[in-house]
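> Can you keep this structure in mind? I'll have questions shortly.
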Amino acid sequence: MTTATESSLVLRKFLGYDTLDLSRVVSSNLVSAKALLVIRFIVSLHLSAVFIATLYVSARDNVFYMVPTTFTNLSNIGLTAYYLTATYHSYSFIHHKDLRSLTSQHWFLTCALFLLYASVAVYHIVVPAIYWGMLFNPNNDMDTLNLYVDFSHHGVDFVCLLLEMIFNRMELPPIYVLGPTSMIMLYMFLAWIYFAVHGEWLYSFLDWSKKSTAVASYIGLLLAFSLIFVIQKYIHQGRDSALRSRRAVVATQDGTGTFENIKDDEKDESA
């Protein structure tokens, strides 16, 4: 066994891939897998439209640099990527009647989807809260398209998350707190690079010249994201527990129950 293979197996075990219930990606407690696909497809269309509108207004207003640098834009790109990926897996399940889209891809891509969902489940609570609590300027004059993008990024995004939380069966294993926390640490690093290049901070609360405030902000963000992850974990568990009887009915009707908790050897093809 090569060192690379050994490292891959260690990482696979660390991320708990073999304990993940892959059927959760394509099934719901409340509606059939086909209805879940329709919901995800509609939301994906909205998010894709918002992304295109974001690119357009950013280019038009000469602020295109904000697309890959502001946390709001990056978190919404993540939300869009999650929905598009989840929609693809839902479609594959409906079309093939199995989990081949998940089991045939490299195991890390599946773990990455769970990490992405964990990030989405945290960020789209924090982003609207910070925007409306700290950054919103009622005197900011925006045209209709900018208003559409702004409210989509700082309000409708939460609705998109809420819809997914209600209708999906995704879980949040403790190790997947690495999703939101590692991404925010990478973003802090990006903020430093941006400051080094442009001489200004993307967000005032990250300004390191105000050391005590900045330290509190950096640590506070990590703690807040971790706390929200834990709360979300228990919300997801409570959802599944409350809807257990309904889930049994749905699982029988749409056939997803057949694929719950598939055995490790059925996942081996994705190694």
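Numbering (the numbering used here), first residue to last: 1465 to 1735. For each residue, glycine too, the CB sits at the ideal point set by N, CA and C. Everything numeric in this text was worked out from a predicted model, so none of it was measured.
1. Could you name the residues of the same chain whose beta carbon sits closer than 7 Å to that of Y1581, not counting the 5 residues immediately before and after it, in chain order?
2. Consult DSSP for D1704 and reduce its assignment to one of helix, strand or coil.
3. Which residues in the same chain have their Cβ closer than 6 Å to the Cβ of G1721, if we skip the five residues on either side of it in sequence?
4. Report yes if the CB atom of Y1481 is closer than 8 Å to the CB atom of T1574, and no otherwise.
5. Would a C-beta distance cut-off of 8 Å place P1770 and V1586 closer than the cut-off?
6. In three-state terms, what does DSSP make of K1697?
7. Look at the alpha carbon of R1488 and the alpha carbon of L1501, and state the distance between them as a whole number of angstroms.
8. Please return the same chain residues whose Cβ sits closer than 6 Å to the Cβ of R1711, not counting the five positions on each side in sequence.
9. With distances taken from CA atoms, which of R1504, K1498, T1469, A1497 is nearest C1624?
10. Counting only runs that start and end within the region 1570-1649, where is the alpha helix (DSSP H) found for 4 or more residues in a row?
11. Leaving out five residues on either side along the sequence, give the residues of the same chain with a beta carbon under 6 Å from the beta carbon of I1695.
12. How many whole angstroms separate the CB atoms of Y1682 and M1652, which I take to be in contact at a CB cut-off of 8 Å?
13. I need the straight-line Cα distance from H1510 to E1470, nearest angstrom please.
14. Helix, strand or coil for L1666? Go by DSSP, reduced to three states.
15. Are the region 1536-1550 and the region 1606-1626 touching, with three or more C-beta to C-beta distances below 8 Å?
16. For L1626, does the count of other Cβ atoms within 10 angstroms reach 16, so buried, or fall short, so exposed?
17. Can you tell which of T1677, L1687, E1664, D1621 has its C-alpha closest to the C-alpha of M1649?
18. Please look up how many angstroms separate the CB atoms of S1554 and R1564, rounded, as I've assumed it's under 8 Å.
19. Going by C-alpha to C-alpha distance, which of L1666, H1662, A1655, E1628 sits closest to A1550?
20. Between S1705 and F1631, what straight-line distance do the alpha-carbon atoms span, to the nearest angstrom?
21. Going by C-alpha to C-alpha distance, which of Q1717, L1543, V1474, E1724 sits closest to V1495?
22. Using the rule of at least 16 other Cβ atoms within 10 Å of the residue's Cβ for burial, across every protein chain shown, is D1729 buried or exposed?
23. Between which two residues does the alpha helix (DSSP H) containing E1724 stretch?
For this structure:
1. Y1546, M1634
2. helix
3. A1715
4. yes
5. Beyond the ends of the chain as shown, which are 1465 and 1735, falls residue 1770; an answer cannot be given.
6. helix
7. 13 Å
8. N1493
9. R1504
10. 1571-1594, 1608-1615, 1621-1631
11. none
12. 6 Å
13. 42 Å
14. coil
15. yes
16. exposed
17. L1687
18. Wrong, their Cβ atoms sit about 13 Å apart, outside the cutoff.
19. E1628
20. 14 Å
21. Q1717
22. Because the pLDDT of D1729 is 47, which lies under 50, any placement of that residue in the model is unreliable, and the question is left without a value.
23. It is not in any alpha helix (DSSP H) - E1724 carries neither H nor E in the DSSP assignment.
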